[in-house]
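Inspection log for the structure reproduced underneath, given as structure tokens.
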Amino acid sequence: MNQEVDIYQDLKMRLISNGFEHGSKVRAEELRKEYGCSASTVREILFRLASVGLTDFQEQRGFRVPERSPQKLIELTHLRILLEGEGTSMSIRNGGVDWEARLTAAHHKLSHIEKRIHGTNDPSDLVAIWFASEKEFHETLISACGSEILKKMHGRIYAQFRQQLMVADRKFGFISENIDHHANILEAALSGDEHLTRMKIHDHLKRHLTGRTMGD
316 MNQEVDIYQD LKMRLISNGF EHGSKVRAEE LRKEYGCSAS TVREILFRLA SVGLTDFQEQ
376 RGFRVPERSP QKLIELTHLR ILLEGEGTSM SIRNGGVDWE ARLTAAHHKL SHIEKRIHGT
436 NDPSDLVAIW FASEKEFHET LISACGSEIL KKMHGRIYAQ FRQQLMVADR KFGFISENID
496 HHANILEAAL SGDEHLTRMK IHDHLKRHLT GRTMGD
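Here the working numbering is used: the first residue of the sequence shown is 316, the next is one more, and so on.
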């Protein structure tokens with residue numbers, strides 16, 4: 316069971332962080348050899364990933380990575396703004412000092428990594444840790460919302476959103492804005508101003524509402 320969990324998590328990260336090209340076939344036999352597991356284990360994991368929108372399955376064609384789609388990115392962005400805005404507002408009401416401390420710690424880690432990326436010409440070694448830290452910060456924003464359904468839905472939307480951007484975001488041309496955006500979200504959330512926090516989350520994500528961030 317632990318092996319299945321590890322394979323699922325590793326393959327999920329590869330699917331949302333440029334491990335496969337958009338539209339490419341995900342070959343179960345190759346993955347079976349790579350992970351040293353059975354073909355049935357790989358297929359089960361790929362079907363689980365299909366259930367959360369990270370692979371597409373068609374009879375006779377097998378599994379593929381979803382294509383890039385400007386319209387899909389816009390829809391996913393709208394959902395992220397709605398879910399994160401509502402989830403963070405609920406966390407502001409319910410989270411207390413413990414949530415504020417966890418959010419501050421998550422931001423501190425993310426800010427440190429983003430500043431490192433901003434100061435280097437080759438951020439390749441920082442890509443994986445940035446993905447993890449950016450995810451942790453946005454998950455922590457909604458972590459005290461009190462709704463497991465909201466958090467689960469956000470997790471699915473976030474993963475599909477990242478997958479749509481996995482090529483464009485590797486250039487990190489947005490990182491200087493990100494540093495300011497994340498700091499603004501943190502400040503608004505800690506102030507307890509729900510309306511301002513929603514605005515800062517919208518400001519952070521609005522560049523994806525035009526579909527123009529899809530280019531390589």
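Note that the Cβ used here is the ideal one computed from N, Cα and C, for glycine as well. Treat the numbers as computed from the prediction; the structure is a model and nothing was measured.
*asked:* Can you tell me whether residue 413 is helix, strand or coil according to DSSP?
replied: helix
*Apart from the five residues on each side of it in sequence, which residues of its chain come closer than 6 Å, Cβ to Cβ, to residue 347?*
354 and 357
*Report buried or exposed for residue 420, applying the criterion of at least 16 other Cβ atoms within 10 angstroms of its Cβ.*
exposed
*Over the uninterrupted alpha helix (DSSP H) stretch that includes residue 476, give me the two end residues.*
463–480
*DSSP-derived helix/strand/coil call for residue 376*: coil
_DSSP state of residue 321 mapped onto helix, strand, coil_ = helix
*Three or more C-beta pairs closer than 8 Å, one from the stretch 380–396 and one from the stretch 429–449: is that the case here?*
no
*Would a C-beta distance cut-off of 8 Å place residue 326 and residue 403 closer than the cut-off?*
no
_Bridge partners for residue 340 per DSSP, in chain order?_
379
*residue 400: buried (16+ other C-beta within 10 angstroms of its C-beta) or exposed?*
buried
*Of the choices 336, 329 and 410, whose alpha-carbon is the least far from that of residue 266?*
The structure shown has nothing for residue 266, since the chain only spans 316 to 531.
_I need the DSSP call for residue 371, collapsed to helix, strand or coil._
strand
*By the 10 Å Cβ neighbour count, where 16 or more other Cβ atoms means buried, how is residue 433 classified, buried or exposed?*
exposed
_Going by DSSP, what residue range makes up the alpha helix (DSSP H) through residue 515?_
509–520
*Among 448, 523, 490 and 507, which residue has its Cα nearest to the Cα of residue 424?*
448
*Would you kindly work out how many angstroms separate the C-alpha atoms of residue 533 and residue 510, rounded to a whole number?*
A question about residue 533 goes unanswered here, because the residues of the chain that appear run from 316 up to 531.
*residue 393 versus residue 475 - alpha carbon distance*: 13 Å
*Would you identify the three-state DSSP class for residue 525, choosing helix, strand or coil?*
coil
*Using DSSP with H/G/I as helix, E/B as strand and the rest coil, what is residue 438?*
coil
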